[in-house]
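One structure is given here, and the rest of the page talks about it.
Protein chains in written order, with the working numbering: chain A, 1 to 141; chain B, 142 to 282.
What follows is the structure, given as structure tokens:
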């Protein structure tokens, strides 16, 4: 029987829920500096991508693809950054970030460059709605 | 007919060849700060992971898995970092980096933190040999 992991408190604090895909829960980071999705596979005890069962690793790539297309649709970003780092939060999570040539960290990676900026009231939920719609559309294709 | 991309000059300059997997050429970064493989899928014109054909995206995950296991075998790293960023070098490439809790960038990401350190004479080739052996072993499993 599959055991589902509880969301790490740091991921819980830093994000809002967007949607559940078959393998992963999709979250939106509370940081208006960048459009930034985080995919958290739900099987318990995952730390590295290679901890995923082979069919889950395939599905991970499918869900990265879905969220990447949704990111392009919603944000019209110039570049996608996809990464599984996890040096600070051990629960396996995959970042799908929309990058812009005038964003605060360009062309470097985003982590630790500038403090998070809160979204304006209502904007976080509205962004999460846009991503949910785009991800559902991609999943249906 | 499949056209193969030439390796971007920056990747050529910063790495040595390790081996060819079915989809990707595997390179080792000339930076002794971190054990650092770079996978470059050979189809021409790839920029984002989502540019890969669906069967190539599956194969990309297989090859990330092979190189991740090889990284653990060769380096005994504490954590894997896997990332497709490409903000500076547009040719699609995937980093598979072995991280240590006492490496110069821990716990942040490695890019742009400290200048690259050259390997000692012979050590780069010896490391590339170790990775080639481990990757071939993983591919055979």
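Every residue gets a Cβ at the ideal spot worked out from N, C-alpha and C, and that includes glycine.
Since the structure is predicted, the reported quantities are computational estimates derived from the model, not experimental observations.
What do you reckon, are the CB atoms on residue i and residue j nearer than 7 Å?
i	j	result
residue 159(B)	residue 269(B)	yes
residue 276(B)	residue 211(B)	yes
residue 82(A)	residue 225(B)	yes
residue 202(B)	residue 46(A)	no
residue 216(B)	residue 249(B)	no
residue 221(B)	residue 12(A)	no
Which value, in whole angstroms, describes the spacing of the CA atoms of residue i and residue j?
i	j	result
residue 73(A)	residue 63(A)	15 Å
residue 172(B)	residue 100(A)	28 Å
residue 207(B)	residue 245(B)	26 Å
residue 10(A)	residue 88(A)	9 Å
residue 54(A)	residue 112(A)	32 Å
residue 156(B)	residue 38(A)	30 Å
residue 119(A)	residue 86(A)	24 Å
residue 141(A)	residue 191(B)	15 Å
residue 68(A)	residue 274(B)	34 Å
residue 165(B)	residue 231(B)	16 Å
residue 78(A)	residue 130(A)	18 Å
residue 20(A)	residue 26(A)	6 Å
residue 163(B)	residue 52(A)	22 Å
residue 262(B)	residue 96(A)	39 Å
residue 174(B)	residue 110(A)	21 Å
residue 124(A)	residue 102(A)	21 Å
residue 8(A)	residue 233(B)	31 Å
residue 247(B)	residue 59(A)	30 Å
On the criterion of 16 or more Cβ atoms from any shown chain inside 10 Å, does residue i qualify as buried, or is it exposed?
i	result
residue 1(A)	Annotation note: pLDDT 43 at residue 1(A) (below 50); position unreliable, no value reported.
residue 176(B)	buried
residue 138(A)	buried
residue 126(A)	exposed
residue 182(B)	buried
residue 114(A)	exposed
residue 198(B)	buried
How many whole angstroms separate the CB atoms of residue i and residue j, which I take to be in contact at a CB cut-off of 8 Å?
i	j	result
residue 5(A)	residue 43(A)	7 Å
Against chain D, does residue i count as a neighbour if the rule is that its beta carbon must be under 7 Å from one of theirs?
i	result
residue 68(A)	In the displayed structure, chain D is absent; the protein chains listed are A and B.
Worksheet entry | Residues of the segment 83–109 of chain A with Cβ closer than 7 Å to any Cβ of chain B, in chain order | Answer set for the segment 83–109 of chain A: 83, 84, 85, 86, 87, 88, 99, 106, 107, 108, 109.
Fill in: Against chain A: residues of the segment 186–200 of chain B by CB proximity under 7 Å
Taking 7 Å as the Cβ-Cβ cut-off against chain A, the residues of the segment 186–200 of chain B that qualify are 189, 190, 191, 198, 199.
Practice prompt. Note down, in chain order, all residues in the segment 250–262 of chain B with a beta-carbon under 7 Å from any beta-carbon belonging to chain A.
Written response: Listed by position along the chain: 250, 252, 253.
Worksheet item: Using a Cβ cut-off of 7 Å, which residues of the segment 70–82 of chain A contact any Cβ in chain B, in chain order?
Response: Close to chain B, meaning a Cβ-Cβ distance shorter than 7 Å, are the following residues of the segment 70–82 of chain A: 79, 80, 81, 82.
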